[in-house]
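Residue numbers (my numbering): 2 to 170.
All C-beta atoms in this analysis are idealised placements derived from N, C-alpha and C, irrespective of residue type, glycine included.
Everything on this sheet refers to the single structure shown next.
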């Protein structure tokens, strides 16, 4: 049962199994549309991902129900993975995770974010566009999107243990 209180915190190595389970649930809902094909996040090594890249988890009642992974590129920050478990969608958590990622990009001094999503996941494209992302390219399977991030003079590109508590609207 979805609750209205969620929090986002930096992922620990001990979160790998919970994050993997959350991602599998989130991406599995698309398998029929992809003719059984597995998307890369379904086979990721989340222990390695947490160790290698800035990763955060979203929790409700101590259960991991979402997550994001960011990858710093030359000149922009990539949203490498974002997902919310199906049973906790439509409570503002996906929007909250994106806002958190954008705030993290700004905090690190990046003026642009990018992501890729599968071309058959049209509702994801519409969701990103609704939040200000624009298409910047495509290939056979993916749609590439970007978003300009306003950067203040008080930002830095440091790793911090950023956390946030939110109430879904």
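Do residue 142 and residue 115 have their CB atoms nearer than 8 Å?
In this structure, residue 115 does not lie closer than 8 Å to residue 142 by Cβ.
Close-in-space but distant-in-sequence residues of the same chain around residue 148 (CB under 6 Å, 5 per side omitted)
Apart from the 5 residues on each side of it in sequence, residue 148 sits with its Cβ closer than 6 Å to the Cβ of 114, 133, 134 in its chain, given in chain order.
Let's see if you can read the secondary structure: which residues bound the beta strand (DSSP E) around residue 116?
Residue 116 -> beta strand (DSSP E) spans 113-119.
By a C-beta neighbour count over all protein chains shown, 10 Å radius and 16 as the cutoff for buried, is residue 20 buried or exposed?
Residue 20 should be labelled buried.
In chain order, which beta strand (DSSP E) runs of at least 3 residues are fully inside the region 62-116?
Within the region 62-116, complete beta strand (DSSP E) segments of at least 3 residues are found at 64-74, 77-85, given in chain order.
By alpha-carbon positions, which one of 128, 136, 38 ends up nearest to residue 25?
Out of 128, 136, 38, 38 has the C-alpha closest to the C-alpha of residue 25.
Delimiting residues of the alpha helix (DSSP H) encompassing residue 48
Segment 47-53, the alpha helix (DSSP H) holding residue 48.
Own chain residues within Cβ distance below 7 Å of residue 16, not counting five before or after:
The residues are 51, 58, 65.
Could I get the ranges of all uninterrupted alpha helix (DSSP H) runs contained in the region 126-153, with 4 residues as the minimum, in chain order?
As far as the region 126-153 is concerned, it has no whole alpha helix (DSSP H) run of at least 4 residues.
Residue environment, residue 138, which counts as buried when at least 16 other CB atoms sit within 10 Å
Residue 138 is classed as exposed because its beta carbon has fewer than 16 other beta carbons within 10 Å across all chains shown.
Would residue 27 and residue 71 qualify as a contact pair, given that the criterion is a beta-carbon distance under 8 Å?
For residue 27 and residue 71, no; Cβs fall outside 8 Å.
Quick one: measure Cβ to Cβ for residue 106 and residue 150, integer angstroms, because I've assumed they're closer than 8 Å.
Contact between residue 106 and residue 150 is confirmed by a C-beta separation of about 5 Å, below the 8 Å threshold.
Reduced DSSP secondary structure (H/G/I, E/B, other) of residue 10:
Residue 10: strand per DSSP, three-state reduction.
Buried or exposed: where does residue 1 fall if 16 or more other Cβ atoms within 10 Å of its Cβ makes it buried?
The question about residue 1 has no answer, for the chain in this structure spans 2 to 170.
Have a look at residue 91 and residue 75 and give me their C-alpha separation to the nearest angstrom.
Linking residue 91 to residue 75 through their CA atoms gives a straight-line distance of about 33 Å.
Across which residues does DSSP place residue 59 in a beta bridge pair?
In the DSSP assignment, residue 59 is bridged to 9, 67.
Assign residue 16 to one of three DSSP states: helix, strand, or coil.
It is helical.
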